[in-house]
Amino acid sequence: MRIDIITLFPELLQSPFEVSIIKRARENKSVDIHFHQLRDYSTNNYKQVDDYPYGGGAGMVLKVEPIEKCISQLQSQRAYDAVIYMTPDGEQLTQPLANSLSLFTNIIVLCGHYKGVDQRVRDHLITHEISIGDFVLSGGEMAAAVLCDAIVRLIPGVLGDESSALTDSFQDGLLAPPIYTRPESYKGWKVPEILTSGNTPKIEAWREAMALKHTQTRRPDLLDENSASE
Ligand code: ADE
Numbered sequence: 076m077r078i079d080i081i082t083l084f085p086e087l088l089q090s091p092f093e094v095s096i097i098k099r100a101r102e103n104k105s106v107d108i109h110f111h112q113l114r115d116y117s118t119n120n121y122k123q124v125d126d127y128p129y130g131g132g133a134g135m136v137l138k139v140e141p142i143e144k145c146i147s148q149l150q151s152q153r154a155y156d157a158v159i160y161m162t163p164d165g166e167q168l169t170q171p172l173a174n175s176l177s178l179f180t181n182i183i184v185l186c187g188h189y190k191g192v193d194q195r196v197r198d199h200l201i202t203h204e205i206s207i208g209d210f211v212l213s214g215g216e217m218a219a220a221v222l223c224d225a226i227v228r229l230i231p232g233v234l235g236d237e238s239s240a241l242t243d244s245f246q247d248g249l250l251a252p253p254i255y256t257r258p259e260s261y262k263g264w265k266v267p268e269i270l271t272s273g274n275t276p277k278i279e280a281w282r283e284a285m286a287l288k289h290t291q292t293r294r295p296d297l298l299d300e301n302s303a304s305e
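Numbered according to this note's numbering, the sequence shown spans residues 76 to 305.
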């Protein structure tokens, strides 16, 4: 997969992609991530990329021209499956959405800033608008990092154990069950006996029951959503 990220602040985004799983994914060529400085696409002498909103009001708006130039240049080089705009009023990022985006080959991610982008960008250039939650960040960069992390770890071969993404919370509509590692007892805090029994079917049944219980307690809305979609 190739990801092209358009941003005014590439330095905000670099370090999340230089460690751990994403770093490895880039090294083994499972993902190719490129950053594009929006200011480089300004035709203005002052490299201006924003302007006052028509009709007045507070805040600045990212102009359509540099964004269109950057996206067109990328699209002249290869076909893109999605041109995503990170915005708090977009579709909420969920595991099923991350799963479907992870199947794409080439995507563009546009990070907004200030009051947002000229609406014509959204109307004519963007295919997906995605929010990472009901709160407002200073810009789309952190949201883009979250989105890319959620997608890249799902690309086959990125996680060491292929099945480990399948056992993540939300993959089966449930939260993940609790997990433990050695020692069996620490300060008298014990690992549930079933997990050291060696009885795999019983362990699986315990995990399923715990996942359900955990979901009922913490996120009963997930269970309602499952039954609603049945
Ligand atoms: N930009 C600012 N806030 C955001 C959010 N919650 N999700 C996605 N992009 C954003």
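Backbone N, C-alpha and C fix where the C-beta goes; we use that ideal spot for every residue, glycine too.
No experiment lies behind these values; they were computed from the predicted model shown.
At which residues does the beta strand (DSSP E) containing residue i begin and terminate?
| i | result |
| --- | --- |
| N181 | N181 to C186 |
| D107 | D107 to Q112 |
| E166 | A157 to Q167 |
| D79 | R77 to T82 |
Would you mind giving the Cβ-Cβ distance between residue i and residue j, rounded to the nearest angstrom? I have them listed as a contact below 8 Å.
| i | j | result |
| --- | --- | --- |
| I80 | I108 | 7 Å |
| V106 | D193 | That pair is no contact at about 30 Å. |
| Y155 | N181 | 5 Å |
| Q170 | Q112 | Actually they are not in contact, since the Cβ atoms of Q170 and Q112 sit about 32 Å apart, beyond 8 Å. |
| S206 | Q152 | Wrong, their Cβ atoms sit about 28 Å apart, outside the cutoff. |
I want to see whether chain C comes within less than 8 Å of residue i, judged by CB atoms only; does it?
| i | result |
| --- | --- |
| L137 | The chain labelled as chain C is not found in the depicted structure, where only one protein chain is given. |
Skipping 5 residues on each side, what residues in its chain have a beta carbon closer than 7 Å to that of residue i?
| i | result |
| --- | --- |
| L287 | L249 |
| I339 | Here the chain covers residues 76 to 305 and nothing more, so residue 339 does not appear. |
| K190 | P128, G134, M135 and V136 |
| D126 | M135, V136 and K138 |
| S117 | Q123, V124 and P141 |
| W281 | I269 |
| A218 | M161, I207 and L212 |
By Cβ distance, which residues of its chain are closer than 6 Å to residue i, with the 5 residues on each side in sequence left out?
| i | result |
| --- | --- |
| E310 | Since the displayed the chain opens at 76 and closes at 305, residue 310 lies outside it and no answer follows. |
| L185 | I81 and Y160 |
| L176 | I226 |
| V266 | Y255 and E259 |
| S244 | L250 and A251 |
Identify, in the order they occur along the chain, each residue of the same chain with its Cβ nearer than 8 Å to the Cβ of residue i, setting aside the five sequence neighbours on each side.
| i | result |
| --- | --- |
| F92 | K98, R101, I108, A220 and C223 |
| K277 | I269 |
| L229 | A173, N174, S177 and A240 |
| F84 | C186, H188, G214 and E216 |
| F179 | M76, D156 and A157 |
Need the endpoints of the alpha helix (DSSP H) that residue i sits in, please.
| i | result |
| --- | --- |
| R293 | T275 to R293 |
| Q148 | V139 to Q152 |
| M217 | E216 to V227 |
| S95 | S95 to E102 |
| S175 | Q170 to L176 |
| E86 | P85 to Q89 |
| Q123 | Per DSSP, Q123 belongs to no alpha helix (DSSP H) and is neither H nor E. |
Does ligand 2 have even one heavy atom less than 7 Å from the beta-carbon of residue i?
| i | result |
| --- | --- |
| G214 | Summarising the ligand content, the structure contains ligand 1 and does not contain ligand 2. |
Self-check item: Segment contact, 8 Å Cβ cut-off, at least three pairs: the stretch 83-102 with the stretch 230-242
Solution: yes
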